[in-house]
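Visitor: Using this note's numbering, the first residue of the sequence shown is number 149, and each one after it goes up by one.
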Amino acid sequence: MSDLPNNWINANLSEIATIVYGKGLPTNQLLDDGYSVFGANGIIGYTDNYMYENQEVLISCRGAYSGKVNISPVKCHVTNNSLILQFNQELYKERKFYYYILQSIDKSRIVTGSAQPQVTINNIKDLTVPLPPLPEQHRIVAKIEELFTKLDAGVEALKKTKALLKKYRQTVIKAAVEGKLTEEWRKKNGKRIEPASVLLERIQVERKERLGKNYKPPKPIDTTNLPDLPEGWVWAEMGQ
149 MSDLPNNWIN ANLSEIATIV YGKGLPTNQL LDDGYSVFGA NGIIGYTDNY MYENQEVLIS
209 CRGAYSGKVN ISPVKCHVTN NSLILQFNQE LYKERKFYYY ILQSIDKSRI VTGSAQPQVT
269 INNIKDLTVP LPPLPEQHRI VAKIEELFTK LDAGVEALKK TKALLKKYRQ TVIKAAVEGK
329 LTEEWRKKNG KRIEPASVLL ERIQVERKER LGKNYKPPKP IDTTNLPDLP EGWVWAEMGQ
């Protein structure tokens with residue numbers, strides 16, 4: 149992290165924030181409603197009081213989510229499964245910059261343990277982070293959120309496109325089985341094409357030879373409630 153822009157410096161995380169554990173809360177004290185309780189990676193329930201009025205930058209410190217950077221909801225209780233970064237007043241205004249920047253760090257630098265992964269204050273306090281001037285921090289956050297908004301819009305458009313493609317595929321298949329895709333082709337070639345009824349007869353001869361005594365002649369198909377087919381097509385059962 150030596151190649152920093154002009155006027156940027158490197159700083160240890162403990163130089164710019166006080167790092168503290170959240171407060172444990174037994175699961176049997178969780179409520180169905182109230183103020184949010186944030187655990188290792190999300191809201192795990194509710195309580196009747198909160199620790200923090202505003203959003204805080206958190207780092208999951210226990211279990212599978214160790215090292216994941218989160219931001220808490222407003223008026224929230226944070227459990228001891230997360231570390232809270234308490235920035236000084238000036239940096240606190242731009243805390244979202246650190247919420248974003250910490251997501252790019254190599255988690256292996258701060259997570260210890262394999263069976264029970266964890267992040268401790270001791271192994272994160274010397275984590276090096278870039279410190280740009282405050283106005284630039286503000287501009288970086290604004291640009292990130294502008295681009296993320298565009299990205300979200302793109303993802304939403306992609307979802308709609310995928311839904312339309314699925315519908316289009318179904319329409320194409322429906323048109324195919326109704327003979328609509330080959331309608332013009334049949335007009336030009338219909339007289340030279342063997343009708344499907346002849347093909348079905350040959351299939352029955354082959355099945356009879358192959359199945360022998362087990363062959364059962366197909367019963368006539370009731371087409372009363374079936375749609376009309378293009379000229380030269382016939383209805384058949386799968387067993388035929």
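Glycine included, each C-beta is placed from N, C-alpha and C at the ideal position.
Counting only runs of 3+ residues fully inside the region 191-261, write out the beta strand (DSSP E) ranges in chain order.
Guide: 191-195, 205-208, 217-219, 224-226, 230-235
Visitor: How about Gln388 and Pro366: are their beta carbons less than 7 Å apart?
Guide: If you number the sequence shown from 1, residue 388 lands on position 240. If you number the sequence shown from 1, residue 366 lands on position 218. Cβ atoms of Gln388 and Pro366: closer than 7 Å.
Visitor: My guess is that Val289 and Phe245 are in contact by the Cβ rule of under 8 Å, so how many angstroms apart are they, rounded?
Guide: Locating residue 289 in the sequence shown gives position 141, where the first residue counts as 1. Locating residue 245 in the sequence shown gives position 97, where the first residue counts as 1. Indeed they touch by this definition, with Cβ atoms about 5 Å apart.
Visitor: Which residue from Cys209, Asn373, Glu163, Tyr200 puts its Cα closest to that of Val222?
Guide: As a working note, residue 222 is residue 74 in the sequence shown. Ranking the options by Cα distance to Val222, first place goes to Tyr200.
Visitor: Which of helix, strand or coil does DSSP assign to Thr372?
Guide: Taking the sequence shown and counting its residues from 1, one reaches residue 372 at position 224. Three-state result, Thr372: coil.
Visitor: Residues in its own chain within less than 8 Å of Tyr329 by CB, not counting five upstream and five downstream?
Guide: On the sequence shown, residue 329 is found 181 positions in, with the first residue counted as 1. First, the amino acid is wrong: residue 329 is Leu here, not Tyr. Taken in chain order, the residues that qualify are Val320, Ala323.
Visitor: Starting from the C-beta of Ser208, find all residues in its chain whose C-beta is less than 6 Å away, skip the five residues before and the five after it, and write them out in chain order.
Guide: On the sequence shown, residue 208 is found 60 positions in, with the first residue counted as 1. Correct list, in chain order: Ala188, Asn189, Ser214, Lys216, Ser230.
Visitor: Compare the C-alpha of Glu349 against each of Lys336, Ala384, Glu331, Asn337 and name the closest.
Guide: Within the sequence shown, residue 349 is the residue found at index 201, counting from 1. Comparing C-alpha distances from Glu349 to each of Lys336, Ala384, Glu331, Asn337 shows the shortest one belongs to Ala384.
Visitor: Do Ile232 and Ser206 have their beta-carbon atoms positioned less than 7 Å apart in this structure?
Guide: Locating residue 206 in the sequence shown gives position 58, where the first residue counts as 1. Locating residue 232 in the sequence shown gives position 84, where the first residue counts as 1. It is Leu, not Ser, that sits at residue 206 in the sequence shown. The answer is yes: Cβ separation under 7 Å.
Visitor: What are the partner residues of Ile157, as DSSP defines its beta bridges?
Guide: The count along the sequence shown starts at 1 and reaches residue 157 at position 9. BP columns for Ile157 point to Leu279.
Visitor: Could you tell me how far apart the beta carbons of Ile258 and Leu239 are, in whole angstroms, since I believe they sit closer than 8 Å?
Guide: In the sequence shown, residue 258 corresponds to position 110, counting from 1. In the sequence shown, residue 239 corresponds to position 91, counting from 1. Not quite, the Cβ-Cβ distance comes to about 20 Å (not below 8 Å), so this is no contact.
Visitor: Output the boundary residues of the beta strand (DSSP E) element that contains Ile351.
Guide: Sequence index remark: in the sequence shown, residue 351 carries index 203 (1-based). Not the beta strand (DSSP E): Ile351 falls in the alpha helix (DSSP H), residues 344-359.
Visitor: May I have the straight-line CA-CA distance separating Ser256 from Val277, to the nearest angstrom?
Guide: Here residue 256 refers to the residue found at position 108 when the sequence shown is read from its first residue. Here residue 277 refers to the residue found at position 129 when the sequence shown is read from its first residue. Roughly 15 Å between the two C-alpha positions.
Visitor: With distances taken from CA atoms, which of Gly380, Pro281, Leu178 is nearest Lys335?
Guide: Indexing the sequence shown from 1 puts residue 335 at position 187. Nearest C-alpha to Lys335: Gly380.
Visitor: Roughly how many angstroms separate the alpha carbons of His253 and Lys308, rounded to a whole number?
Guide: For this step, residue 253 is matched to residue 105 along the sequence shown. For this step, residue 308 is matched to residue 160 along the sequence shown. Note that residue 253 is Ile in the sequence shown, not His. About 33 Å.
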